[in-house]
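Residue numbers (the working numbering): 370 to 905.
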């Protein structure tokens, strides 16, 4: 009979995640050993939130829940931001937190917090592992984590349960469900097809649901069938290749975006999740058709018709049944891209962040996976960096957490060991996760980190300036990035010119080593760019 931790390790490996990640406690060691015996890797992180973000990114890319762990008390509390990221960015994740055995838990106070209560608002389900029910708990956890909308599940693991024999199920079901998606009745789609036929200028707004159903090809096919321009959320970059003529750009809630959408006569949302949008009233009176795998539980997007089904099946059927559209999309998408480029081309006295992004995209191979941190530079990265496939651009958007880019890049490296991975981060976001550079080196997970250094928390400076408040309390950065990187065993360089950045990126690609490139930028154009592109 297998023990609880052996059953857990088998389930994680069977689900497609051959590693554990995190910062363990004393109660974790039996699980770590069970995983080792099954040739599963353990990746020791320097900080629990980074471990959760790495595991969540693996889950986003592969669809198999990432697995992260922490010790009880301080470790569990420290991992909360990772749970929030997975919850709001819709990433399948299994979070394991150590816990005292039952007698100690009832009488002890030191390092004891109600971990299930702490995580309850941030997970789809939380439970305490029991050897008698662990097999059922694992099946529920796996299915819950990956079911749309994906998200985190938390296990409290009492020490007393780890090496107990796990009770067998009488009739053991599959770990993951076998699901079939039949086509919709074409007659039921008639109102939608009639609306599509009548539209002359339809536009597609695509979001995370496209990725949950691996429906990027269907999205592109429908866009081409309708001749419609496509706007995507930042999490959905690459779902339509960003050199496709119908690709307009990213949804950021700004004035240029509103100008494009207002020219349409029908909005078709595809897998759009309200967590991806700015928390403001829907600004359009244009009719909306929503295609999604899950019904909307909020009223942010007022759709006239909401069609629920697997998007792979649904998009293919709608594209096959709807008529051939017009050709307004390519011209409209090109005009949008031009307007965005003009808004970003603000003058600078040094290397601008937008030019740094253009240089990076020209040097790094087409198949490069990119991660991006929160902050002022994120707006430039989202608009200037181009991705050509789904899940090739990764960021914290629903939560919008700083400190994501580096652990996210490590998760991407695990999922794509043969592709270049670059992390774009501001100086503030990088310093929140700088210790994971050592993780990158020690675990042989080489990444390129581009630190956009303007020596301040740029987004807060922008907000201070817009509100007429003097700059205060925002100084940061200005580090010796070369020495910092070398202290962790990585390569490092600081540049302030286009040629210097080109040389540094080429050197990093040749070396195949973890490399930190500190890019001294002139961020003086941020305010003008933000005013042009979005409403703060």
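Ideal Cβ placement from N, Cα and C applies to all residues, glycine included.
TODO: Classify residue 726 as buried or exposed, calling it buried when 16 or more other Cβ atoms lie within 10 Å of its own Cβ.
DONE: buried
Open item on the list: Let's see if you can read the secondary structure: which residues bound the alpha helix (DSSP H) around residue 745?
Closed with: 745-753
TODO: Please state if the CB of residue 736 and the CB of residue 788 are separated by a distance shorter than 7 Å.
DONE: yes
TODO: Could you name the residues of the same chain whose beta carbon sits closer than 7 Å to that of residue 880, not counting the 5 residues immediately before and after it, in chain order?
DONE: 860
Open item on the list: Helix, strand or coil, according to DSSP, for residue 823 in the structure here?
Closed with: coil
Task: Classification of residue 904 by the beta-carbon crowding that lies within 10 angstroms, buried from 16 upward - done: Residue placement at residue 904 cannot be trusted, given a pLDDT of 47 that sits under 50; what the coordinates show is reported in the next sentence. Residue 904 comes out exposed.
Open item on the list: Threshold first: 3 residues or longer. Then list the beta strand (DSSP E) segments lying entirely within the region 664-752, N to C.
Closed with: 674-677 and 738-741
Task: Burial state of residue 637 (16 or more Cβ within 10 Å) - done: buried
- [ ] Give me whichever residues DSSP pairs with residue 863 in a beta bridge.
- [x] 887
Task: residue 731 classed as buried or exposed, judged by whether at least 16 other C-beta atoms fall within 10 angstroms - done: exposed
TODO: Determine the DSSP secondary structure at residue 600, reduced to helix, strand or coil.
DONE: strand
Open item on the list: Across the region 648-658 and the region 604-612, are there enough close Cβ pairs to call them in contact, namely three or more that are closer than 8 Å?
Closed with: no
Task: Sufficient close CB pairs (3 or more, under 8 Å) joining the region 518-527 to the region 552-562 - done: no
Open item on the list: Quick check: the Cα distance between residue 614 and residue 590, rounded to an integer number of angstroms?
Closed with: 13 Å
TODO: Would you mind sorting residue 543 into buried or exposed? The rule is 16 or more other CB atoms within 10 Å of its CB.
DONE: exposed
TODO: Closer than 7 Å by C-beta to residue 500: which residues in its own chain qualify, once you throw out the five before and the five after it? Chain order, please.
DONE: 373, 530, 533, 534, 535 and 536
Open item on the list: Quick check on residue 836: buried or exposed, where buried means 16 or more other Cβ atoms within 10 Å of its Cβ?
Closed with: exposed
Task: Test item: CB-CB of residue 486 and residue 454 under 7 Å - done: no
TODO: Would you please state the rounded distance, in angstroms, between the beta carbons of residue 457 and residue 767? I believe it to be under 8 Å.
DONE: 3 Å
- [ ] Report all residues from its chain with a CB closer than 6 Å to the CB of residue 959; omit the five preceding and five following residues, and keep chain order.
- [x] For residue 959 there is no data in the structure shown, the boundaries of the chain being 370 and 905.
Task: For residue 660, the three-state DSSP class (helix, strand or coil) - done: strand
Task: Minimum length 3: unbroken beta strand (DSSP E) runs contained in the region 405-469 - done: 410-413, 435-439 and 462-468
- [ ] Would you check if the region 464-472 and the region 503-514 touch, i.e. whether three or more CB-CB distances between them fall below 8 Å?
- [x] no
Open item on the list: Can you find the residues in the same chain that come closer than 7 Å, C-beta to C-beta, to residue 382, ignoring five residues on each side of it along the sequence?
Closed with: 407 and 409
Open item on the list: Please state the DSSP three-state secondary structure of residue 525.
Closed with: strand
- [ ] Would you please state the rounded distance, in angstroms, between the beta carbons of residue 680 and residue 639? I believe it to be under 8 Å.
- [x] 7 Å
Open item on the list: Taking only three categories from DSSP, how would you classify residue 366?
Closed with: For the chain, the structure presents residues 370 to 905; residue 366 sits outside this window and is missing.
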